[in-house]
Amino acid sequence: MILLSGIVASTLFLEDRSLLITTLLILTLLYVIALTVGVTTIKWNYFMNSINRVGEGKICFTFDDGPVENTRDVLAVLNKHEVKATFFLIGKNCKENQNILKEIMAEGHIIGNHSFSHENSIGWSSTSKVIEEIEQTNQIIKEVSGIQPQFYRPPFGITNPKIARAIAKTKMISVGWTIRTFDTVVKDAEKLIAKVKPRLNKKGHIILMHDSCPQTVVALDQLIINCKEKGIKIVNLDDIAQTN
Ligand SMILES: [Zn+2]
22 MILLSGIVAS TLFLEDRSLL ITTLLILTLL YVIALTVGVT TIKWNYFMNS INRVGEGKIC
82 FTFDDGPVEN TRDVLAVLNK HEVKATFFLI GKNCKENQNI LKEIMAEGHI IGNHSFSHEN
142 SIGWSSTSKV IEEIEQTNQI IKEVSGIQPQ FYRPPFGITN PKIARAIAKT KMISVGWTIR
202 TFDTVVKDAE KLIAKVKPRL NKKGHIILMH DSCPQTVVAL DQLIINCKEK GIKIVNLDDI
262 AQTN
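In my numbering, the protein residues as written are 22 to 265.
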């Protein structure tokens, strides 16, 4: 009897322990998932605060990865519709395409910082490396355009404590988005338009597009028209700073 009680007790103990281990594993897994989503989902503001929305009834177009030759076509569409946008520029592209950087500025758009090299390994970079890339890019933008960028968009929208520290140290304002168009992936303009159009509403979206993609030029024209048809006011980031 005593032996049986001992076996039952130890089984219960084992069961409890396996339950405990299972619970701990599930919690660890959930934590890792939350952490991964937090790192890759800038609008969660998990590690730092970013501007991810504009005011109700408004929308803001943002373009990453320029300046490149294709930027000129994006500028032409924006000019045609008298719309102002924000361009998050890569430092090394600014060095190579200084005239295009000047054109963006001359058209009255906002110039933001999008790192110097846009390396895939940004998530593993040290705080000092992120700071160095921000400062290098600010410097080349300042030299070419005379503008001191205020806004920063982390490459791939990746955030972590090191990137958060770098942004705080350089006193940049981080900008995310609520609509990711995936225009670098969807190469067909019509498909891109069909994918993004239904998401355009008055909830204050910031849209992420890339001025490096030819299909973006065609899609942008139609998306601006669609916003105007829906009565959504197209604003830029300086409007956000004033009204939010
Ligand atoms: Zn980018």
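Note that CB positions come from ideal geometry on N, CA and C, so glycine has one too.
Item                                                                                                         : Value
Beta-carbon proximity check, residue 158 vs residue 137, cutoff 8 Å                                          : yes
Test item: CB-CB of residue 227 and residue 73 under 8 Å                                                     : yes
Segment limits, beta strand (DSSP E) that includes residue 85                                                : 79 to 85
Ordered list of beta strand (DSSP E) runs contained in the stretch 80 to 129, each at least 3 residues       : 107 to 110
Residue 229 - DSSP class collapsed to helix/strand/coil                                                      : strand
Cross-strand partners of residue 256 (DSSP beta bridge)                                                      : 81
Those residues, in chain order, that have a beta-carbon closer than 6 Å to some heavy atom of ligand 1       : 85, 86, 135, 139, 176
Inter-stretch contact (C-beta, 8 Å, three-pair minimum) for the stretch 93 to 105 and the stretch 143 to 151 : no
Rounded C-alpha distance that separates residue 192 from residue 127                                         : 25 Å
Through-space distance from residue 171 to residue 133, alpha-carbon basis                                   : 7 Å
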